[in-house]
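Numbering (my numbering), first residue to last: 8 to 428.
First up is the structure itself, then whatever we jot down about it.
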Ligand SMILES: [Zn+2]
């Protein structure tokens, strides 16, 4: 078998011939030629026989590594004139438009980025984290389910910071499918207006319930004519539980500061590092954290009461109660919190009373914390990984890849279109 034939099989790319193979110190360079005669616009698929000029455009792409060798594809491309996009370089079947990585490598990086930490991906694949961000953007642009905005009934709107210094993304979640289905940079009414514009009046009119974290901006957009003024507005249970968790954390901090001032440091030593024991869901505790929680329980006191109230609150919104049952338990919870002599919980209870109807709306429409917590936690974990990305679009792409309606395939899971010749 000739070397070029062997490499044609190895790189597993459709519709190209390998014309040359060259070995450098750590890299193999495989030169390919497109087999098709016609030129295709990379943006719209427009086809023509006519070249725009005879000047070749030398192009290169990183492909999947070959053992420890990095593999680079090279090709000399032609230019065409597309009636819509003007003079452009022709598309190649093995890479997305504008990419300097092949489609296979894009897909691999996107898959890894949702499952592996930043430095591991960069080291394993020998690419920068920003390159990973661009690959994620390209994969989402081509692979996202185009019907994702159809059949929406219960949605949630959420804002999340994707970088320090108040850089925000607005995300729209489909509560029924448990997926993030839309996102954009920013966090004001205009940002959400863009979602309703894309959705259009017909699909907007089908929406029955919207959960919000109850900043005024989103509410204004939901209520606007042509958007979803018919929808019942619900409090987002994830944010309510977060509020209670923050109150618990405040109680813990106050106690910690008191203990540290004591002459005997035994108490402080025992309490040290209790933050996660208190804040994590009980089913996620490590053995050591569970033991520490046990000690806090035996000690009783304000911190234990605060912990109990956090867990009770979570249980009330877990999703197995009716509106009326929830109302009774919520009122009882508020009374207990108001009498707790723990200032953060008194404040919390006042907020819950103000939002009582919206909380009950959420329960009635089946938007429970049990339903939203997993997705929210996942998104928040991912977004921390996206901090090193260059743009909001890349951060959003990572969220969509991991929590959106998209099915990621690895290169070897895709059937080869043709048997290698
Ligand atoms: Zn075009």
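Positions of the beta carbon are idealized from the N, C-alpha and C atoms, including for glycine.
Bear in mind the structure is a predicted one, so any value in this text is a computation, not a measurement.
Neighbourhood of residue 136 by C-beta distance below 6 Å, restricted to the same chain and skipping five residues each side
125, 129 and 395
Alpha-carbon to alpha-carbon, residue 184 and residue 118:
21 Å
Distance CB(residue 79)-CB(residue 37) smaller than 9 Å:
yes
Can you list, in chain order, the residues of its chain whose CB lies under 6 Å from that of residue 428, leaving out five sequence neighbours each side?
Legend: pLDDT at residue 428 = 39, less than 50; position of this residue unreliable, value from coordinates given subsequently. Same-chain partners within the cutoff: there are none.
Alpha-carbon to alpha-carbon, residue 358 and residue 257:
16 Å
Run through DSSP, which three-state label would residue 99 get?
coil
What I want to know is whether the C-beta of residue 48 ends up closer than 8 Å to one or more non-hydrogen atoms of ligand 1.
yes
Across the segment 45 to 61 and the segment 9 to 17, are there enough close Cβ pairs to call them in contact, namely three or more that are closer than 8 Å?
no
Alpha carbons only, please: which of 190, 188 and 194 is nearest the one belonging to residue 173?
194
In the segment 207 to 283, which residue ranges form an unbroken alpha helix (DSSP H) of at least 4 residues, counting only runs that do not cross its ends?
223 to 230, 244 to 268 and 273 to 278
Comparing alpha-carbon positions, which option in 264, 102, 197 and 369 lies nearest residue 275?
264
Quick one: is the Cβ of residue 5 within less than 8 Å of any heavy atom of ligand 1?
Past the boundaries of the shown model lies residue 5; the chain is included only from 8 to 428, so the question cannot be answered.
Pick from 315, 371, 369 and 373 that is closest to residue 347, judged by C-alpha positions:
315
Residues bridged to residue 341 [DSSP beta-bridge criterion]
Answer by DSSP bridge pairing: none, since residue 341 is not bridged.
At a cut-off of 8 Å, is residue 91 close to ligand 1 when judged by its beta-carbon and the heavy atoms of the ligand?
yes
Please classify residue 147 as buried or exposed, where buried requires at least 16 neighbouring CB atoms within 10 angstroms.
buried
Report yes if the CB atom of residue 363 is closer than 9 Å to the CB atom of residue 325, and no otherwise.
no
By Cβ distance below 7 Å, which residues in the same chain neighbour residue 310 in space, the five residues on each side in sequence not counted?
258, 259, 262 and 303
On the DSSP bridge assignment, give the partners of residue 77 in chain order.
34
For residue 168, which of helix, strand or coil comes out of DSSP?
strand
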